[in-house]
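In our numbering, the protein residues as written are 307 to 590.
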Amino acid sequence: MSNVLIYAATEEDAKALAVLAAPLADGTPSFLKASTGLPEAEAATIVATAGAEGATVIVAPASKKGNEAAARAAEMLAAGCITEALSAATKDGKITAKRAIYGGVAVGEFAFEKSPAVLTFALSALAGAEGAGAYEAVAAVAGAEASYRKELVKSEPLAKTVDLTKAKRIVSFGRGLAKKDDIGTVEALAQKLGADIGCSRPIAEELKWLPQEHQVGITGAIVKPDLYIALGISGAIQHFAGMKDSKVIVAVNSNKNAPIFQFADYGIVGDIYEVIPALEQALG
Ligand SMILES: Cc1cc2nc3c(=O)[nH]c(=O)nc-3n(C[C@H](O)[C@H](O)[C@H](O)COP(=O)(O)OP(=O)(O)OC[C@H]3O[C@@H](n4cnc5c(N)ncnc54)[C@H](O)[C@@H]3O)c2cc1C
Numbered sequence: 307m308s309n310v311l312i313y314a315a316t317e318e319d320a321k322a323l324a325v326l327a328a329p330l331a332d333g334t335p336s337f338l339k340a341s342t343g344l345p346e347a348e349a350a351t352i353v354a355t356a357g358a359e360g361a362t363v364i365v366a367p368a369s370k371k372g373n374e375a376a377a378r379a380a381e382m383l384a385a386g387c388i389t390e391a392l393s394a395a396t397k398d399g400k401i402t403a404k405r406a407i408y409g410g411v412a413v414g415e416f417a418f419e420k421s422p423a424v425l426t427f428a429l430s431a432l433a434g435a436e437g438a439g440a441y442e443a444v445a446a447v448a449g450a451e452a453s454y455r456k457e458l459v460k461s462e463p464l465a466k467t468v469d470l471t472k473a474k475r476i477v478s479f480g481r482g483l484a485k486k487d488d489i490g491t492v493e494a495l496a497q498k499l500g501a502d503i504g505c506s507r508p509i510a511e512e513l514k515w516l517p518q519e520h521q522v523g524i525t526g527a528i529v530k531p532d533l534y535i536a537l538g539i540s541g542a543i544q545h546f547a548g549m550k551d552s553k554v555i556v557a558v559n560s561n562k563n564a565p566i567f568q569f570a571d572y573g574i575v576g577d578i579y580e581v582i583p584a585l586e587q588a589l590g
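This is the structure in structure tokens:
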């Protein structure tokens with residue numbers, strides 16, 4: 307029995323969540339392993355298991371499913387819910403959590419006014435959690451029969467997802483790439499290097515050329531690969547914040563005054579349409 311219930315799909319995430327939830331925990335947190343059920347059913351299981359464990363704090367990773375299941379559990383419990391938390395604490399008897407606000411330009415601190423409390427932790431916080439927290443695995447308690455109905459109206463193959471926080475090599479591109487069709491040239495270089503593909507925010511959010519998981523920066527993935535190649539990326543502070551811990555940064559930009567050159571280990575002033583094929587050729 308513990309006051310904290312961890313809901314996660316993997317033991318690795320559970321260990322990180324145990325570290326992040328340590329300031330809130332009274333004893334060893336319980337760990338409910340996520341199943342493959344729909345978030346609606348998972349939420350009912352979370353609520354029932356939390357009830358059986360006497361848990362008053364529920365924590366989950368801020369993955370798509372974690373966020374949805376946690377938010378639904380909070381709604382069922384009439385509890386407060388803070389998503390994408392960076393850290394949590396107990397202050398003056400209240401549970402508090404910090405999270406990015408205003409699109410990532412500031413950090414706000416929020417307090418739960420009452421119990422129970424439901425939190426999801428940002429994936430970057432999980433990746434940065436130091437050490438491995440202890441937890442006690444508990445059996446899932448079946449939730450009440452859900453009264454929803456789902457109908458499959460269309461099915462499409464799942465787009466390949468990527469977790470850039472774990473990538474060792476990243477080839478990233480920005481608005482220097484003129485059109486979506488040219489992504490193939492970036493992909494060819496990335497393939498030669500065994501690298502994953504990243505991008506700046508305009509590529510994912512405005513142009514929607516790549517899914518959001520590819521966005522690097524303060525409102526995207528915080529990455530620390532051995533090699534980060536930035537192609538046609540200006541190097542705005544919000545992008546820099548997401549890749550500054552890369553071991554080696556290579557920048558290619560046609561503007562010699564682009565900010566990216568201030569923090570690149572290697573800089574090539576040139577047109578990416580000439581440099582990418584040259585790099586590819588050099589790689590053999
Ligand atoms: C709250 C907030 C949060 C944000 N979060 C993020 C974030 O998480 N990640 C992020 O990336 N941005 C973020 N931004 C946006 C950020 O401020 C920049 O606008 C963005 O990073 C610029 O993207 P870019 O470098 O691709 O485009 P641009 O700034 O337009 O730069 C394009 C670059 O390509 C170069 N170029 C053009 N043609 C070529 C060519 N043929 N060959 C070589 N170089 C060429 C240009 O010289 C230029 O430097 C955020 C902004 C705000 C306000």
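Every residue, glycine too, gets a C-beta built ideally from N, C-alpha and C.
These numbers were taken from a predicted model, which means no experiment stands behind them.
Item                                                                                        : Value
Continuous alpha helix (DSSP H) stretch holding Leu495: start and end                       : Ile489 to Leu499
N- and C-terminal bounds of the alpha helix (DSSP H) containing Leu432                      : Leu429 to Gly434
Proximity below 9 Å, CB of Gly548 to CB of Gly523                                           : yes
Straight-line gap, Ala377 to Gln521 (C-alpha atoms, nearest Å)                              : 24 Å
Exposed unless 16 or more other CB atoms sit within 10 angstroms - verdict on Thr355        : buried
DSSP state of Glu462 mapped onto helix, strand, coil                                        : coil
His520 CB to nearest heavy atom of ligand 1 below 8 Å                                       : no
Element boundaries [alpha helix (DSSP H), containing Phe546]                                : Ile543 to Met549
Ligand 1 heavy atom lying under 8 Å from the CB of Gln568                                   : no
8 Å contact criterion, which Ser393 and Ala361 should meet: CB distance rounded             : Contact doesn't hold; Cβ gap of about 20 Å is too wide.
Beta-carbon proximity list for Ala375, same chain, < 7 Å, skipping 5 on both sides          : Tyr313, Pro345, Glu348, Ala349, Ile352 and Ala366
Ala564 Cβ short of 8 Å to ligand 2 heavy atom set                                           : What this structure holds is ligand 1, not ligand 2.
Cβ contact check for the segment 468-475 and the segment 435-448: 3 or more pairs under 8 Å : no
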